[in-house]
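Undergrad: Input: one structure, supplied below.
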């Protein structure tokens, strides 16, 4: 067994063990930070863990038993996505796994007859439509950037993308911006009325999670933590290369991006989901498309 | 088992209130009172809620609604009646359409009188309800254990 394989297995195992905890802690930090931005004291940084603990201790009201299976599949597929990513396999496979997982969240919502839940599922699919092109462009961008740095031999392998001579961000600034834009959707932050926003009181009640309670809701929340860790991993991948300084750079970038997401969430309180869906493709075409064109014709 | 009192999620329902108490309930969420520091979230979804906060009296129209919301909440749960109308009907007590306080429809755990109830009183009531919630969680846990042993 060579060293890189061991490293890949270790990072995948670390993700399973710590991926959820890391994002749970970040979520607590995010709530504290948001409260301070609004001039409030805010809850404890461990609040997300208290919430999850409570959800698992409560009675689970489910209209059908299928809900548990679907919620569990969502959690497992999200964890699988992260494991594939941190094991350094093909990024296309990772993004496909992510889309499959996202479908299970829609299934969970449509498994009940609640109007809020069903409308939440439809809105969730609209959002997927909005962010999915940018996700694919990100994968293509990584391939082309790797190709430029390796004399025309591109690669979708995360191991190759992360071990170039220079960080991919140098060739992919536009794609990075576009990816940041869709991160607000994927982090379930802004706008306030997306299908399962963390903000209370929207016209869809809680969107896709309206009819989930107790243990089932807890699993969805834990899945979101794992998903966030994976997404921050993709942010980090933009900054990784085969130099030692790229690792602290990636960590700093991840933290800055998370702070930015909290900040954007706080200053765009009145943005509605329609605007977001319209903007998402515009940003994808302008930032992602232009970046790809430049890579294709200039380098 | 995690303590439920550290993460009480709240459902607010306006029975037939004049909105005086409702505004005070919302005031609790503002930076001045900031109930989120206790981990309280105003969910607006009965299936996620632990505390049912009702303002205004009960009439024939909303009795079924209050009952249904209560039934949709997973155990353990507590009910807080906010404002004198929710406690016993208040000034509307003798009106032909008012049945009375929230306890005419569902069991109430904590009464917060006042017209309108002040945010301090509401927070006090909710914190008191947390004590009841803690007791209920223990009872729920014991019942669950009992059920498991009987199987």
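Protein chains in written order, with the numbering used here: chain P, 1 to 299; chain B, 1 to 151.
Glycine residues also receive a C-beta, built at the ideal position from the N, C-alpha and C atoms.
For clarity, every value in this text was computed on a predicted model and none was experimentally measured.
My guess is that residue 15 of chain B and residue 102 of chain B are in contact by the Cβ rule of under 8 Å, so how many angstroms apart are they, rounded?
TA: 7 Å
Undergrad: Which term fits residue 50 of chain P, buried or exposed, when burial requires 16 or more other beta carbons within 10 angstroms of its beta carbon?
TA: The residue in question, residue 50 of chain P, is buried, as its Cβ has 16 or more Cβ neighbours within 10 Å.
Undergrad: Step through the CB atoms of chain B and report whether any lies within less than 8 Å of the CB of residue 30 of chain P.
TA: no
Undergrad: Against chain B, with Cβ distances strictly below 8 Å, would residue 205 of chain P count as a contact?
TA: yes
Undergrad: Do the region 161-181 of chain P and the region 231-247 of chain P touch if we need at least three Cβ pairs shorter than 8 Å?
TA: yes
Undergrad: Whose C-alpha, out of P:162, P:41, P:105 and P:103, is nearest the C-alpha of residue 244 of chain P?
TA: P:162
Undergrad: Let me make sure I understand the geometry here. Which of P:12, P:134, P:110 and P:77 has the alpha-carbon closest to that of residue 219 of chain P?
TA: P:77
Undergrad: Is any non-hydrogen atom of the ligand GTP found closer than 7 Å to the C-beta of residue 122 of chain P, if you look at the structure I gave you?
TA: The ligand GTP is not among the ligands present in this structure, which contains no ligands whatsoever.
Undergrad: Opposite residue 13 of chain B in the DSSP bridges: which residues?
TA: B:54
Undergrad: Between the beta-carbon of residue 25 of chain B and the beta-carbon of residue 55 of chain B, is there less than 8 Å?
TA: yes
Undergrad: Closest to residue 297 of chain P by CA distance: which of P:145, P:227 and P:275 is it?
TA: P:145
Undergrad: Might you give, ordered along the chain, the residues of its own chain that have their beta carbon closer than 7 Å to the beta carbon of residue 57 of chain B, omitting 5 neighbours on each side?
TA: For residue 57 of chain B, where only same-chain residues beyond five positions count, the Cβ hits under 7 Å are 15, 16, 85, 86, 89, 90, 92, 98, 100 and 101.
Undergrad: Which residue or residues does DSSP assign as beta-bridge partners of residue 157 of chain P?
TA: P:90
Undergrad: Express the C-alpha separation of residue 117 of chain B and residue 227 of chain P in angstroms, rounding to a whole number.
TA: 42 Å
Undergrad: On the criterion of 16 or more Cβ atoms from any shown chain inside 10 Å, does residue 274 of chain P qualify as buried, or is it exposed?
TA: exposed
Undergrad: Can residue 80 of chain B and residue 109 of chain B be called in contact, C-beta distance under 8 Å?
TA: Judged by their CB atoms, residue 80 of chain B and residue 109 of chain B are nearer to each other than the 8 Å cut-off.
Undergrad: Which partner residues of residue 98 of chain B appear in the DSSP bridge assignment?
TA: B:59
Undergrad: Label residue 65 of chain P either buried or exposed according to how many other C-beta atoms from any shown protein chain fall within 10 Å of its C-beta, with 16 as the threshold for buried.
TA: exposed
Undergrad: Determine, using beta carbons only, whether residue 185 of chain P and residue 127 of chain P come nearer to each other than 8 Å.
TA: Closer than 8 Å, so yes.
Undergrad: Check distances from the C-beta atoms of the region 18-42 of chain B to those of chain P and list, in chain order, the residues that come in under 7 Å.
TA: Shown in chain order are the members of the region 18-42 of chain B whose Cβ falls below 7 Å from a Cβ of chain P: 31, 34, 36, 37, 39, 41 and 42.
Undergrad: When the cut-off is 8 Å and only beta carbons count, does residue 90 of chain P lie next to chain B?
TA: no
Undergrad: Measuring CB to CB, does residue 210 of chain P end up less than 8 Å from residue 116 of chain P?
TA: Yes, Cβ-Cβ distance for residue 210 of chain P and residue 116 of chain P is below 8 Å.
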